């Protein structure tokens, strides 16, 4: 796309990407400093008071700090410019860094649960001081404030790693509160819940690590396109008066906020190639400007505009095909009543085998129009 408008918009996108990187790095550095300080204070309290729960809470803070370091590295590497070897950029590196963070969190949780169980088997009495309790209270407040800040910055930069870190920090505040509660219970009633609270904290850490890993795996494997982006793109395309519908939208993710896509548009059979070319370029510019998605491929379906018999055939076929629950949409329909040919696409759900679905539809439509040569193209239900 060599259009001056596109060049200007590319510059704007690059600027936004730079701002995004700065937000991620700045927020992560704040998180690192806060977590290292909290870990140091909690470790001191834990060692002095002989509290396994506090020590494990400190380990959790250290893993959060390490996660922030990896988030910075991932953001820096992911922001590298495309080159000949990687023409679509390095954005997906952020998913790999997120996977590494999840592995660290999971390891920390497993190690913590082992140490907590040891303390249950061989219990040791804790000894809290007023200073220890004050430090834990301060830690709870700091984690609550840090969690809200990091989550807000993550939403601003559309960074899954930061959003997850923000949620994790807020949850850490709850865990630290449980440590504080166990300390108070011990001081008042002499009941030691240290090791048991440690087990609870460990289980929560393990659960968080597994959830992070699953979420990142979905990004790496490839998951359903965001429904809001899909809806917005279709609305932008369908707003063009010449276009009757936008179908087969496929989005390819190459990192946070970086999408390439392809789509089919239904155009009247009276439109010239030159008119279709101008229209597709206009659609590309508009979609890119409004969503940041680059449509690298736009296919065209032709629809009958003057043949009443063709319209009647379409209605009959559509009614028959969509009578099946697994047939979600029919589009790209075109019939040549002189040559006795028709073709159309059908979006098929994952509830039925494609070959079986095509066989059923082919049999039914062929019985309706035995003189016609019929072509049915199955489409996967990949976007809302």
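Numbering (our numbering), first residue to last: 7 to 390.
Cβ coordinates follow ideal geometry from the N, Cα and C atoms, glycine included.
Treat the numbers as computed from the prediction; the structure is a model and nothing was measured.
Need the endpoints of the beta strand (DSSP E) that residue i sits in, please.
| i | result |
| --- | --- |
| residue 302 | 300-309 |
| residue 339 | 333-342 |
| residue 273 | 265-274 |
| residue 378 | First-last for residue 378: undefined, no H or E at that position. |
| residue 286 | Element bounds for residue 286: not the beta strand (DSSP E) but the alpha helix (DSSP H), 279-297. |
| residue 97 | Unbroken run through residue 97: none, as it is neither H nor E. |
| residue 354 | 347-354 |
Identify, in the order they occur along the chain, each residue of the same chain with its Cβ nearer than 7 Å to the Cβ of residue i, setting aside the five sequence neighbours on each side.
| i | result |
| --- | --- |
| residue 7 | Annotation note: pLDDT 44 at residue 7 (below 50); position unreliable, coordinate value reported separately. Correct list, in chain order: 290. |
| residue 364 | 382, 384 |
| residue 96 | 83, 84, 86 |
| residue 399 | Since the first and last residues shown for the chain are 7 and 390, residue 399 lies out of range. |
| residue 106 | 76 |
Using a Cβ-Cβ distance cut-off of 9 Å, determine whether residue i contacts chain B.
| i | result |
| --- | --- |
| residue 273 | Here there is only one protein chain, and chain B is not present. |
Return the chain-ordered list of same chain residues with a C-beta closer than 6 Å to the C-beta of residue i, the five sequence neighbours on each side being excluded.
| i | result |
| --- | --- |
| residue 172 | 153, 156, 157, 160 |
| residue 45 | 64, 67, 68 |
| residue 381 | 349 |
| residue 51 | 60, 138, 141 |
| residue 326 | 370 |
| residue 293 | 239, 242, 299, 301 |
| residue 27 | 81, 85 |
| residue 92 | none |
| residue 351 | 337, 338, 383, 385 |
Whose C-beta lies closer than 8 Å to the C-beta of residue i among residues of the same chain, with five residues either side of it excluded?
| i | result |
| --- | --- |
| residue 304 | 268, 269, 270, 271, 286, 289, 290 |
| residue 390 | 230, 231, 233, 236, 237 |
| residue 209 | 115, 119 |
If you count every other CB in all the chains shown that lies within 10 Å of the CB of residue i, and 16 or more means buried, which is it?
| i | result |
| --- | --- |
| residue 355 | exposed |
| residue 203 | buried |
| residue 128 | exposed |
| residue 259 | buried |
| residue 265 | buried |
| residue 94 | exposed |
| residue 247 | exposed |
| residue 328 | exposed |
| residue 227 | exposed |
| residue 196 | exposed |
| residue 200 | buried |
| residue 367 | buried |
| residue 135 | exposed |
Between the options, which has its C-alpha nearest residue i's C-alpha?
| i | options | result |
| --- | --- | --- |
| residue 253 | 322, 188, 334 | 334 |
| residue 58 | 36, 207, 257, 109 | 207 |
| residue 32 | 165, 311, 193 | 165 |
| residue 310 | 214, 147, 300, 321 | 321 |
| residue 230 | 200, 343, 388 | 388 |
| residue 148 | 261, 39, 296 | 39 |
| residue 274 | 251, 263, 262, 257 | 251 |
| residue 374 | 345, 359, 336, 324 | 324 |
| residue 56 | 125, 98, 70, 110 | 125 |
| residue 357 | 338, 185, 331 | 331 |
| residue 284 | 249, 338, 297 | 249 |
| residue 74 | 90, 170, 316, 47 | 170 |
| residue 110 | 360, 43, 121, 211 | 211 |
Would you kindly report the start and end of the unbroken alpha helix (DSSP H) that includes residue i?
| i | result |
| --- | --- |
| residue 204 | 200-227 |
| residue 256 | Not the alpha helix (DSSP H): residue 256 falls in the beta strand (DSSP E), residues 251-259. |
| residue 240 | 233-244 |
| residue 366 | 360-374 |
Mind reading off the beta-carbon distance from residue i to residue j? Whole number of angstroms is fine, and I expect it under 8 Å.
| i | j | result |
| --- | --- | --- |
| residue 61 | residue 72 | That pair is no contact at about 17 Å. |
| residue 385 | residue 353 | 5 Å |
| residue 2 | residue 218 | Because the chain is modelled from 7 through 390, residue 2 falls outside the range shown and cannot be assessed. |
| residue 30 | residue 77 | 7 Å |
| residue 313 | residue 343 | 6 Å |
| residue 49 | residue 222 | Going by Cβ atoms, the distance from residue 49 to residue 222 rounds to 29 Å, so no, they are not a contact pair. |
| residue 346 | residue 307 | Going by Cβ atoms, the distance from residue 346 to residue 307 rounds to 20 Å, so no, they are not a contact pair. |
| residue 112 | residue 216 | 7 Å |
| residue 192 | residue 198 | 5 Å |
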